[in-house]
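Read through the structure below, which is laid out as structure tokens, and then see the notes.
Number of protein chains: 2
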Amino acid sequence: MILTQMIIQSWHLTVKRVSDLFFNLTEKEMMREVSPNRNRGIYLLGHLTASHNSMFPLLGFREPMFSELKNHFLINSDKLKEKPFTVAELLEKWMAVNDELKKHFNNLSTEDWLQKHTAISDEDFVKEPHRNRLNVVLSRTNHLSYHQGQLTLL
Amino acid sequence: MILTQMIIQSWHLTVKRVSDLFFNLTEKEMMREVSPNRNRGIYLLGHLTASHNSMFPLLGFREPMFSELKNHFLINSDKLKEKPFTVAELLEKWMAVNDELKKHFNNLSTEDWLQKHTAISDEDFVKEPHRNRLNVVLSRTNHLSYHQGQLTLL
Chain H
1 MILTQMIIQS WHLTVKRVSD LFFNLTEKEM MREVSPNRNR GIYLLGHLTA
51 SHNSMFPLLG FREPMFSELK NHFLINSDKL KEKPFTVAEL LEKWMAVNDE
101 LKKHFNNLST EDWLQKHTAI SDEDFVKEPH RNRLNVVLSR TNHLSYHQGQ
151 LTLL
Chain Z
155 MILTQMIIQS WHLTVKRVSD LFFNLTEKEM MREVSPNRNR GIYLLGHLTA
205 SHNSMFPLLG FREPMFSELK NHFLINSDKL KEKPFTVAEL LEKWMAVNDE
255 LKKHFNNLST EDWLQKHTAI SDEDFVKEPH RNRLNVVLSR TNHLSYHQGQ
305 LTLL
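First to last, the sequence lines map onto chains H and Z.
For the first sequence, the working numbering begins at 1 and goes up steadily by one.
For the second sequence, the working numbering begins at 155 and goes up steadily by one.
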């Protein structure tokens, strides 16, 4: 289905662009803030990895791959400077999470995509059928673009 | 068609969030750079207005509403500091362009949305049917989110 493909293609394209950004930044650049007193590159890498990692249960695929990321990069801000991960470790997790998502994405038909995600009840889904799995991908692509705009400032 | 609605809804939601950002920034904040030596808020307002203004001919709706924006905010960078527009004037144009786009959006069926945009030939469109009008909206929503991420730094 062409509309499903367009949304998935837009996701993959944005992941590719952000990955290229990450791999072209030096370790030193990744430790810089995108703007004075704002998040550092390394934090945004961890944040995006944790965000994509949280999509596994949300889309009903599997448990998160790296549950230790949530506390450091979703619950806590960059102000708690002690993050027990190096840029290289986070880059590895970033690639692993996106590769695993891609595998699951490739197995879904449009009908599967239009099923509800796991954070909405059957009752609410009847009233709001747009709150389906594909809409999670659509909104996470926007989320990714949002932080892409910040990462280009490094 | 639910997928069409999801993409259009995502556009409107992002336009609304960016509009709220613009209206909550002071004149002084809009004159700041999002990060040292990067674009100012006023430039991004002009840039996004010019970008959305260029969607009228691209989607086959009408001629651009404000042709004078292109030169200042698409062709030229913020480094040419002389922009003959105030924040208030640009905000007015921003609202006008998005309101006019919305009117045109509301008139289209999914079939209309899946027609080619005006920057692709009939020949190429046969081979690449995803290069349709709705895909323009999808990619411009990502473009908008990208700059939203920068505007939140002001």
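Beta carbons: idealized from backbone N, C-alpha and C, even for Gly.
Since the model is a prediction, treat every value here as computed from it, not as a measurement.
Report the rounded CA-to-CA distance for residue 180 of chain Z versus residue 70 of chain H, giving the unit in angstroms. Rounded to whole angstroms, residue 180 of chain Z to residue 70 of chain H spans 35 Å at the Cα level.
Taking its Cβ as the centre, do 16 or more other Cβ atoms sit within 10 Å of residue 221 of chain Z, making it buried, or is it exposed? exposed
Where the alpha helix (DSSP H) containing residue 71 of chain H begins and where it ends: From DSSP, residue 71 of chain H is part of no alpha helix (DSSP H); its letter is neither H nor E.
Given a limit of 8 Å on CB to CB distance, which residues of the stretch 266–283 of chain Z reach chain C? Here chain C cannot be found, since the structure's protein chains are H and Z.
Contacts around residue 254 of chain Z, its chain only, beta-carbon distance under 7 Å, and the 5 residues preceding and following it disregarded: 219
Taking Cβ to Cβ, would you say residue 153 of chain H is nearer than 8 Å to residue 189 of chain Z? yes
Three-state secondary structure assigned by DSSP to residue 277 of chain Z: Three-state result, residue 277 of chain Z: helix.
Of all Cβ atoms in chain Z, is any one closer than 8 Å to the Cβ of residue 51 of chain H? no
Contacts of residue 42 of chain H in chain Z (Cβ-Cβ under 9 Å): Residues of chain Z passing the Cβ test: none, with the nearest at roughly 17 Å.
Suppose only complete runs of 4+ residues qualify. What are the alpha helix (DSSP H) ranges in the stretch 19–105 of chain H, listed by chain order? Fully contained in the stretch 19–105 of chain H are the following alpha helix (DSSP H) runs of length 4 or more, in chain order: 27–30, 41–53, 55–58.
Step through the CB atoms of chain H and report whether any lies within less than 8 Å of the CB of residue 114 of chain Z. The question about residue 114 of chain Z has no answer here: the residues shown for chain Z are numbered 155 through 308.
Please report the residue range of the alpha helix (DSSP H) in which residue 150 of chain H lies. 133–151
Alpha helix (DSSP H) containing residue 264 of chain Z: first to last residue? 264–267
Measuring CB to CB, does residue 130 of chain H end up less than 8 Å from residue 163 of chain Z? At a Cβ-Cβ threshold of 8 Å, residue 130 of chain H and residue 163 of chain Z count as neighbours.
In chain H, which residues lie less than 7 Å from residue 230 of chain Z when you measure between Cβ atoms? Within chain H, no residue comes near residue 230 of chain Z; the closest Cβ sits about 19 Å away, beyond 7 Å.
Which residue or residues does DSSP assign as beta-bridge partners of residue 270 of chain Z? Answer is Z:286.
Per-residue DSSP class, three states only, for residue 160 of chain Z: helix
Indicate whether the contact test is met: 3 or more Cβ pairs, each with one atom in the stretch 117–130 of chain H and one in the stretch 239–254 of chain Z, closer than 8 Å. no
Spatial distance of residue 3 of chain H from residue 11 of chain H (CA atoms): So the alpha carbons of these two residues sit roughly 13 Å apart.
Of the residues H:58, H:45, H:38, H:63, the one placed nearest residue 113 of chain H, counting alpha carbons only: H:58
Check distances from the C-beta atoms of the stretch 16–37 of chain H to those of chain Z and list, in chain order, the residues that come in under 7 Å. 34, 35
Report back the beta-carbon spacing between residue 294 of chain Z and residue 269 of chain Z to the nearest angstrom; my notes put them in contact at under 8 Å. The beta carbons of residue 294 of chain Z and residue 269 of chain Z sit about 17 Å from each other, so the pair does not count as a contact at 8 Å.
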